[in-house]
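Numbering (the numbering used here), first residue to last: 390 to 477. Think of the CB as a built atom: it goes at the ideal place given N, C-alpha and C, for glycine as much as any other residue. Everything numeric in this text was worked out from a predicted model, so none of it was measured.
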Amino acid sequence: MTIWSSRPRVAWCATDPYPYPWPSVVRPDYLRYAFEVSLRRLRLDHVDLYQLHRIDPAVLVEDSLGELAKLQQEGKIRHIAVSEVSLA
390 MTIWSSRPRV AWCATDPYPY PWPSVVRPDY LRYAFEVSLR RLRLDHVDLY QLHRIDPAVL
450 VEDSLGELAK LQQEGKIRHI AVSEVSLA
(Lines of atoms letter the chains of each structure in order from A; the text may use other names.)
(Lines give C-alpha, C1' and ligand atoms only; values in the text may rest on other atoms or scores of the structure.)
Protein backbone atom coordinates (compact mmCIF):
# COMPACT_ATOMS: atom_id res chain seq x y z
CA MET A 390 0.00 0.00 0.00
CA THR A 391 1.30 3.44 -0.85
CA ILE A 392 0.06 6.52 0.97
CA TRP A 393 0.59 10.06 -0.15
CA SER A 394 -0.39 13.48 1.02
CA SER A 395 -0.78 16.55 -1.10
CA ARG A 396 -0.89 18.88 1.88
CA PRO A 397 1.14 21.97 0.99
CA ARG A 398 3.88 21.46 3.57
CA VAL A 399 4.14 17.69 4.02
CA ALA A 400 4.80 14.80 1.65
CA TRP A 401 5.60 11.28 2.76
CA CYS A 402 5.29 7.76 1.47
CA ALA A 403 5.15 4.31 3.00
CA THR A 404 5.21 0.96 1.29
CA ASP A 405 4.47 -2.58 2.33
CA PRO A 406 7.46 -4.37 3.85
CA TYR A 407 9.65 -6.13 1.32
CA PRO A 408 10.07 -9.85 2.02
CA TYR A 409 13.45 -10.51 3.58
CA PRO A 410 16.24 -10.67 2.76
CA TRP A 411 15.91 -7.06 1.64
CA PRO A 412 17.99 -6.41 -1.46
CA SER A 413 20.71 -3.81 -0.99
CA VAL A 414 20.54 -2.18 -4.40
CA VAL A 415 21.97 1.26 -3.74
CA ARG A 416 24.01 1.86 -6.87
CA PRO A 417 23.75 5.57 -7.68
CA ASP A 418 22.08 4.96 -11.06
CA TYR A 419 19.48 2.66 -9.48
CA LEU A 420 18.79 5.06 -6.59
CA ARG A 421 18.06 7.87 -9.06
CA TYR A 422 15.91 5.62 -11.27
CA ALA A 423 13.85 4.25 -8.36
CA PHE A 424 13.43 7.70 -6.84
CA GLU A 425 12.24 9.27 -10.11
CA VAL A 426 9.76 6.42 -10.64
CA SER A 427 8.44 6.92 -7.10
CA LEU A 428 7.97 10.66 -7.64
CA ARG A 429 5.94 10.01 -10.79
CA ARG A 430 3.89 7.27 -9.13
CA LEU A 431 3.17 9.49 -6.12
CA ARG A 432 2.46 12.52 -8.35
CA LEU A 433 4.96 14.68 -6.45
CA ASP A 434 7.75 16.98 -7.52
CA HIS A 435 9.73 16.41 -4.29
CA VAL A 436 9.67 14.54 -0.98
CA ASP A 437 10.36 16.04 2.40
CA LEU A 438 12.35 13.05 3.68
CA TYR A 439 14.17 10.25 1.87
CA GLN A 440 15.52 7.49 4.07
CA LEU A 441 18.22 5.15 2.83
CA HIS A 442 17.46 1.94 4.72
CA ARG A 443 20.30 -0.29 3.64
CA ILE A 444 23.95 0.17 2.75
CA ASP A 445 25.34 -2.11 0.05
CA PRO A 446 28.85 -3.27 0.99
CA ALA A 447 29.66 -3.53 -2.73
CA VAL A 448 29.01 0.21 -3.27
CA LEU A 449 30.89 3.05 -1.64
CA VAL A 450 28.54 4.82 0.76
CA GLU A 451 29.93 8.11 -0.56
CA ASP A 452 28.62 7.22 -4.03
CA SER A 453 25.13 6.35 -2.79
CA LEU A 454 24.83 9.40 -0.54
CA GLY A 455 26.43 11.54 -3.24
CA GLU A 456 23.62 10.69 -5.66
CA LEU A 457 21.02 11.49 -3.01
CA ALA A 458 22.81 14.80 -2.37
CA LYS A 459 22.52 15.58 -6.10
CA LEU A 460 18.77 14.92 -5.94
CA GLN A 461 18.64 17.20 -2.91
CA GLN A 462 20.49 19.96 -4.79
CA GLU A 463 17.97 19.55 -7.63
CA GLY A 464 15.18 20.24 -5.10
CA LYS A 465 13.69 16.76 -5.26
CA ILE A 466 14.62 15.76 -1.68
CA ARG A 467 14.46 18.16 1.27
CA HIS A 468 16.12 15.94 3.91
CA ILE A 469 18.16 12.73 3.73
CA ALA A 470 18.20 10.13 6.50
CA VAL A 471 20.01 6.81 6.91
CA SER A 472 19.31 3.80 9.10
CA GLU A 473 21.05 0.56 9.97
CA VAL A 474 24.48 2.09 9.56
CA SER A 475 27.45 2.21 11.89
CA LEU A 476 30.81 3.91 12.03
CA ALA A 477 32.54 0.53 11.76
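Counted within 10 angstroms of its Cβ, other Cβ atoms place residue i as buried (16 or more) or exposed
i: valine 414; result: exposed
i: leucine 420; result: buried
i: tyrosine 439; result: buried
Cross-strand partners of residue i (DSSP beta bridge)
i: valine 426; result: The partner list for valine 426 (beta bridge, DSSP) is empty, contrary to what the question assumes.
i: glutamine 440; result: Ala470
CA-to-CA distance, residue j to residue i, given in whole angstroms
i: isoleucine 469; j: leucine 460; result: 10 Å
i: arginine 432; j: alanine 458; result: 21 Å
i: leucine 454; j: leucine 441; result: 9 Å
i: glycine 464; j: proline 417; result: 17 Å
i: serine 475; j: valine 450; result: 11 Å
i: tyrosine 422; j: valine 448; result: 16 Å
i: phenylalanine 424; j: aspartate 434; result: 11 Å
Contact check, residue i vs residue j, beta carbons under 8 Å
i: histidine 466; j: valine 426; result: One detail in the question is off: residue 466 reads as isoleucine in this sequence, not histidine. Cβ atoms of isoleucine 466 and valine 426: not closer than 8 Å.
i: glutamate 473; j: arginine 443; result: yes
Sequence-distant residues of its chain with Cβ nearer than 6 Å to residue i (five each side left out)
i: aspartate 452; result: Pro417
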